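Notes follow the structure.
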Amino acid sequence: MKKILFVTSEAHPLIKTGGLADVSGSLPKALAELDQDIRIIIPNYQALKATESVRFLFSLRVDNRNINILETKLPDSKVIVWLVDYPTFFNYPGNPYVDEFGEPWVNNAERFALFCRVVVEVAMDRGYQDWKPDVVHCNDWQTGLIPALLSLEHDRPATVFTIHNMAYQGLYPVSDVALLNLPGQLWHPEGLEFHNHLSFIKGGLVYSDFITTVSPTYALEIQTAEYGYGLEGLLEYRKDTLGGIINGIDLDQWDPNTDTYLPHKFSVAALDQKLLNKTELQTRFSLPSNEKVPLFGLIGRLVEQKGIDLIMDCLPEMLNMDLQFVLLGSGDKVFEKQLQDLALQYPDKMALKIGYDEGLAHLIEAGSDVFLMPSRFEPCGLNQMYSQRYGTIPIVRKTGGLADTVTDTLPESILNNTASGIVFNEASASSLLEAIKRALILYSIPDSWKKMQITGMEKDFSWQKSAEEYLALYDSL
Ligand code: ADP
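The sequence shown begins at 1 in our numbering and counts up one residue at a time.
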């Protein structure tokens, strides 16, 4: 049995801003189910919603500040959660990274540097809890200083650093660095320094014993200039201690046979019930009810990463085809406005909801025939997995986790029954349009379509499989 300290800045359902929270809420549970002794450690934000009881555990003095460590459980699980309680930094409204107005907290470098220092104390058991982890598993830049600081300790735990998105690095101007009082031996271009900035993520990339990212393809992509943001050289240098492990999905929450958000549950054995959700979805979006017309769906952040600009370029032509399109998301205000204008122009073809709506997301996955996910980059991505589980054919760009989880429909994959979606290469509107046309042709052949649906629905996207890979990695360190 391994002792694992899982360090994260968000974990569903305690606190969530994105995909990192989904992983941090699911992977520790899956590891606990494999009989591992795992604890999560996370800052005690004001917005954090603990449902289990919270008790005081111990105090630490770090950087001349008094820190309390509180203990609770991850809701509906036995996974222990340690909360780093320091109200001066964390007891504010807003989310973990930005204030109520969406501006990054001005003292983010100080906040997460303190969090990292506290974790190091806990990892070295300087709170005298008689619990010292074998492995400290860090996630994203907010935890990047931990492998760096631990590298200076004797008899330290092994460290793993997982990259969930290279686009966020925690870069701060040199003027902030003095404030953080970091050990001088970490400050050089092969250490935490990056073009005259302090780079939190480099702490993880340089000093961890092993780096993982959330899909095998993304692990290769970040070693190239296109995806590496200037850190591709370092990542290439570490290629023997860098690998990808695909995220799982929460099979309890995303099961079309038990999903409480769905008016009509369905399964491989009762696939015809999926159509009733399609009708419900058309009604919900005030589109004409029509079982036959192919219905395309999209859910997500409306930002360039997700290829929304490619969709915008395709839409005029797309909306002249015989199809319907529903969209749920929010993000870039320019995209939001352009999409709303188009929906007004084509009320019988396209409808959208701007905002975040968990229930509607489930209905879109269930009621659509095709799901669009033309991301420019995608470390792992979840929606393409939900789609396959819900018998909805995803159209994805061949990048990151999309390339690893969707099998393109080609003569060979049709023959050996592995085809589960449509994959295109180039990040261009014309390639996306071609993929959409391919989808329409396949949709017109009901037998092949159904076969693809079933292939997707029967795939194993469980966390158990991924947790076993992480465990094998911990064992190897
Ligand atoms: P990312 O983490 O880059 O945003 P992922 O596909 O990995 O993308 O995860 C996004 C998650 O958030 C998915 O579970 C998706 O369904 C959900 N989501 C995104 N936008 C919305 C929205 N507007 N309403 C409901 N769920 C959303």
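Even glycine gets a Cβ: it sits at the ideal position worked out from N, Cα and C.
What you are looking at is a predicted structure, and each value in this text was computed from that prediction instead of being measured.
- By the criterion of a C-beta distance shorter than 7 Å, D176 is surrounded in its chain by A109 and L198, once the five residues flanking it on both sides are discounted.
- In the structure shown, the three-state DSSP call for L302 is strand.
- Inter-segment contact for the stretch 207-225 and the stretch 240-252 is present: three or more beta-carbon pairs are separated by less than 8 Å.
- According to the DSSP secondary-structure assignment, Q324 is paired through a beta bridge with L295.
- With a cutoff of 9 Å on beta-carbon distance, K349 and L327 are scored as not near each other.
- Only residues of its own chain outside the window of five on either side were considered, and among them A148 and L192 have a CB closer than 7 Å to the CB of L186, listed in chain order.
- Boundaries of the beta strand (DSSP E) harbouring S199: H197 to S199, taken from the DSSP string.
- With a 10 Å radius around the Cβ and a threshold of 16 neighbouring Cβ atoms, G307 comes out buried.
- G144 is the residue among D155, A419, I393 and G144 whose C-alpha sits nearest the C-alpha of G170.
- Rounded to whole angstroms, the separation of the alpha carbons of N383 and G421 is 13 Å.
- Out of K265, A403, E365 and S59, the CA that lies nearest to the CA of S375 is found in A403.
- In the three-state reduction of the DSSP assignment, I445 falls in the coil class, being assigned neither a helical nor a strand state.
- Rounded to whole angstroms, the Cβ separation of L471 and L205 is 23 Å, and the two are not in contact under 8 Å.
- In chain order, F194 and H195 place their CB closer than 8 Å to the CB of G230, counting only its own chain and leaving out the 5 sequence neighbours on each side.
- Fewer than three beta-carbon pairs drawn from the stretch 257-273 and the stretch 330-348 are found closer than 8 Å, and the two stretches are therefore not classed as touching.
- Its chain contains T17 as the residues whose beta carbon lies nearer than 6 Å to that of N95, once the 5 sequence neighbours on both sides are disregarded; these appear in chain order.
- Within its own chain, the residues whose Cβ lies closer than 8 Å to the Cβ of V174, once the five positions on either side in sequence are excluded, are N196, H197 and L198, listed in chain order.
- By the criterion of a C-beta distance shorter than 6 Å, Y390 is surrounded in its chain by P256, E365 and A366, once the five residues flanking it on both sides are discounted.
- Residue environment: A351 is assigned as buried (16 or more neighbouring CB atoms within 10 Å of its CB, all protein chains considered).
- N139 is the residue among K278, A419 and N139 whose C-alpha sits nearest the C-alpha of V214.
- By the neighbour-count criterion, in which 16 or more other beta carbons inside 10 Å mark a residue as buried, D369 falls on the buried side.
- The Cβ atoms of K3 and P133 sit closer than 9 Å to each other.
- With fewer than 16 other Cβ atoms inside 10 Å of its own Cβ, Y356 counts as exposed.
- By the C-beta density criterion, E10 is buried, having at least 16 other C-beta atoms within 10 angstroms.
- Distance from the C-beta of K306 to the nearest heavy atom of the ligand ADP is below 8 Å.
- The beta carbon of H264 is closer than 6 Å to those of Q273, L276 and N277 in its chain, skipping five residues each way along the sequence.
- Burial is judged here by how many other beta carbons sit within 10 angstroms of a residue's own beta carbon; R55 has fewer than 16 and is exposed.
- For C314, the enclosing alpha helix (DSSP H) stretches over residues I308 to M318.
- Shortest Cα-Cα distance from D76 to any of D252, N320 and V120 involves D252.
- Around the beta-carbon of G248, 16 or more other beta-carbon atoms lie within 10 Å, marking it buried.
- Relative to the ligand ADP, the beta carbon of S330 is positioned inside 8 Å of a heavy atom.
- Not one heavy atom of the ligand ADP sits closer than 8 Å to the Cβ of G367.
- Judged by beta-carbon spacing, E358 lies beyond the 9 Å limit of D332, meaning their Cβ atoms are not closer than that value.
- The closest heavy atom of the ligand ADP lies less than 8 Å from the beta carbon of R301.
- Counting only runs of at least 4 residues, the stretch 377-451 fully encloses the following alpha helix (DSSP H) elements, listed from N- to C-terminal order: 383-389, 400-405, 411-415 and 429-443.
- Here K292 is exposed: its Cβ has fewer than 16 other Cβ atoms, across all protein chains shown, within 10 Å.
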